[in-house]
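Residue numbers (the numbering used here), protein chains in the order written: chain F, 88 to 391; chain P, 15 to 339.
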Amino acid sequence: MTFATDTAPALPPKVETPFQRFVADFAESPVAVAALATFAAVLFVALAAPLISPQNPYDLRQIDIMDSRLPPGGQSLAGMTFWLGTDGQGRDMLSAMFYGLRTSLFVGAMSGMFALAIGMCVGLSAAYFGGRVDTIVMRIVDLQLSFPAILVALILLAVLGKGVDKIIIALIAVQWAYYARTVRGSALVERRREYIEAATCLGLSHKRIVFRHLLPNVMPPLIVVGTVQIAHAIALEATLSFLGIGLPVTEPSLGLLIANGFNYMLSGKYWISIFPGIALLITIVSINLVGDQLRDVLNPRLQK
Amino acid sequence: MTVFITRRLLQSCLVIFVMSLIVFFGVNVIGNPIDILINPEADQAEIERAIKALGLDRPIHEQYLVFIQRAFEGDLGRSFVFGEPALKLIMQRMPATLELALCAMLISIVLGIPLGMWAGLKPESAAGKSIMGFSILGFSLPSFWVGIMLIMIFAVMLGVLPSTGRGQTVGLFGLQVSFLTWDGLAHLLLPAVNLALFKLSLVIRLARAGTREVVLQDYVKFARAKGLSPSRIVLVHVMKNIMIPVVTILGLELGSVIAFSVVTETIFAWPGMGKLIIDSINLLDRPVIVAYLLMTVFMFITINLVVDILYSILDPRVRLQDIKG
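This is the structure in structure tokens:
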């Protein structure tokens with residue numbers, strides 16, 4: 088806090104922007120910082136997959152069926168070492184995982200962003216206009232949230248079929264209601280504040296009030312829900328792909344890699360399934376830990 | 015009260031109608047069953063005969079009307095793959111799913127309440143913290159991954175439990191159940207634990223939060239002042255009072271356990287409804303998909319309706335607010 092330095096008048100008052108305070112609060116938990124670093128590493132691997140992978144696992148000229156099902160550390164006929172082994176087609180698991188991570192994160196992030204945008208607009212308008220709009224919208228939200236996410240996704244994928252775009256649509260449909268409810272809840276509180284009243288008195292347009300005044304103030308809880316939801320989306324996509332109703336085999340995510348390896352598991356070839364599983368786990372847990380810390384930092388009731 | 019129930023009933027009927035439209039049209043318009051179901055080497059006359067037999071030659075809205083009319087008679091179409099009524103297929107597999115779901119619920123209550131209470135009574139102890147750590151893991155680990163791990167550890171590495179299938183079943187009141195034989199129990203254990211894990215984490219959290227609240231209440235202080243033994247206070251006074259929210263929420267969660275059994279059944283090749291729907295989606299066996307989705311939606315709407323009505327009886331504020339809204 089800026090006022091805290093008043094007790095030491097000799098020193099010039101230390102000016103701390105809200106962002107710096109946020110960073111300082113976040114850094115208080117070493118676990119959260121470690122989780123954030125881990126997530127940054129995961130993100131880097133996903134983005135740079137084509138550059139850092141030992142081979143392109145989907146370029147048929149680079150893989151050799153003779154190298155299939157090699158254990159971790161095994162060497163190919165051409166002398167290349169597969170640090171995490173190879174799968175049934177002779178692909179390097181490490182490279183396949185890098186690409187799989189890319190797909191998983193892409194699906195999670197895309198669906199999260201669209202769901203956030205839709206949920207935010209719906210929630211904000213419900214809270215701002217109130218009355219009938221609010222009642223109808225919130226009925227739909229309640230109704231959807233009374234069904235488990237996996238069932239909603241299952242219905243949609245049974246109807247739509249497989250594909251990256253299809254699974255993104257299904258995940259958006261699953262998630263938007265959470266965002267809408269969160270935004271509406273905090274927007275209802277903010278709407279009664281004086282600054283909104285002042286903006287209304289100044290004769291500002293609805294659009295300006297909602298997007299310039301209301302929206303920035305409902306962002307903190309939205310960010311928290313967003314982090315948790317993206318972790319959920321990644322886990323749900325992996326589950327659906329594992330069940331064989333999510334992504335097509337041409338664009339394998341971590342879930343699909345795990346599913347492929349599952350067939351070899353009973354014969355003791357554990358690595359095809361386990362390593363993508365660990366990658367998935369690290370991703371989900373690190374996002375969740377960051378989300379937990381964000382919740383503590385951004386929650387006004389817990390602020391010192 | 016009557017107004018409230020009528021409104022809720024109408025709303026539920028509307029939802030079922032809308033869902034039947036979405037599911038039926040979606041499944042029929044997007045997939046092309048002719049390519050999948052009919053032998054590609056068949057000649058034109060054969061293909062046409064098959065199309066007629068399956069009713070695929072009629073306009074889609076007529077197909078839907080016939081479907082709705084049949085649905086009221088309890089006939090949701092015949093499976094393209096098995097050639098049996100879709101509803102019968104689902105009903106045949108339902109006992110296996112219910113058995114799995116109820117076992118998972120039982121595990122989560124029997125383990126979750128004591129663990130949660132322990133964590134609630136000693137929140138700062140190492141045990142309390144590890145129980146909470148376990149519950150956080152249970153929430154964030156995807157359930158299919160846990161299932162794979164269970165198979166790897168107990169079936170592949172240790173070789174003590176079977177990895178797939180249902181094992182030997184025994185008839186009980188006309189249903190086939192597997193928990194009465196050793197073989198059946200051995201097959202049931204891993205899938206049930208897998209399915210229970212998420213709910214177990216939930217119960218631990220609820221029981222812990224409840225315990226922490228209850229131990230501060232006056233009646234607990236009074237019981238302590240009266241000189242009752244700590245075990246009696248915990249087992250009678252605390253436990254009774256945390257059971258109410260735990261049981262209420264678990265009742266609500268039964269539906270979601272059944273929905274999530276899709277994952278567990280696929281991993282452990284458990285012959286239930288969930289495995290049936292995944293197989294049917296992969297084979298594009300539309301009548302079974304439609305029937306399963308409608309059945310599940312119907313089940314959920316019924317559960318929600320019953321819960322809503324029970325709540326409104328218990329808490330009049332809910333129904334008053336609803337009538338105003």
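Built from N, CA and C at the ideal position, the CB exists for glycine as well.
Using 8 angstroms as the limit for Cβ to Cβ distance, is residue i near chain P?
i	result
V118/F	no
F193/F	no
T314/F	no
V372/F	yes
F106/F	no
T337/F	no
V129/F	no
I326/F	Here residue 326/F turns out to be Thr, not Ile, going by the sequence shown. Judged by the 8 angstroms Cβ criterion, T326/F is in contact with chain P.
I237/F	yes
N350/F	no
A322/F	yes
L275/F	no
D93/F	Below a pLDDT of 50, predicted positions are generally treated as unreliable, and D93/F, at 48, falls in that range; the measurement from the model is reported next regardless. So, not an interface residue.
Would residue i pass as an interface residue toward chain F - the criterion being a Cβ-Cβ separation below 8 angstroms?
i	result
L211/P	no
L101/P	no
G152/P	no
S177/P	yes
H165/P	Residue 165/P is actually Ile in this sequence, not His. Chain F contact via Cβ: present.
Q156/P	The question names Gln, yet the displayed sequence has Pro at residue 156/P. So yes, P156/P belongs to the interface.
G173/P	no
G40/P	yes
T20/P	no
S144/P	no
V17/P	no
I162/P	yes
G339/P	Residue placement at G339/P is poorly supported in this model, since its pLDDT is 44, which falls under 50; the coordinates are not used for a value here.
I74/P	no
A115/P	no
From which residue to which residue does the alpha helix (DSSP H) around residue i run?
i	result
R84/P	74-86
F109/F	105-113
E113/P	100-135
V102/F	From DSSP, V102/F is part of no alpha helix (DSSP H); its letter is neither H nor E.
H201/P	196-228
G248/F	No alpha helix (DSSP H) contains G248/F, which DSSP labels as neither H nor E.
P363/F	358-385
S233/F	Here S233/F belongs to no alpha helix (DSSP H), and DSSP marks it neither H nor E.
T125/F	117-134
E138/P	Run containing E138/P: none; DSSP gives neither H nor E here.
I291/P	287-297
F329/F	302-329
A283/P	No alpha helix (DSSP H) holds A283/P; DSSP gives it neither H nor E.
D232/P	232-239
V160/P	157-164
According to DSSP, is residue i helix, strand or coil?
i	result
V191/P	strand
T178/P	coil
Y186/F	helix
Y145/F	coil
P259/P	helix
R279/F	coil
A267/F	helix
T337/F	coil
Q25/P	helix
S326/P	helix
P244/P	helix
G173/P	coil
D221/F	helix
Check the DSSP bridge columns for residue i and list the partner residues they point to.
i	result
D179/F	T173/F
R8/P	Shown here, chain P extends from 15 to 339; a query on residue 8/P therefore has no answer.
Within 10 Å of its beta-carbon, does residue i have 16 or more other beta-carbons around it, so buried, or fewer, so exposed?
i	result
F106/F	exposed
V384/F	buried
F236/P	exposed
S139/P	exposed
S144/P	exposed
W358/F	buried
H319/F	buried
Q262/F	buried
K10/P	For chain P, the structure presents residues 15 to 339; residue 10/P sits outside this window and is missing.
W196/P	exposed
R271/F	buried
S245/P	exposed
Shorter than 7 angstroms, the distance from the beta carbon of residue i to the closest heavy atom of the ligand PLP, or not?
i	result
F113/F	This structure lacks the ligand PLP; in fact it carries no ligand of any kind.
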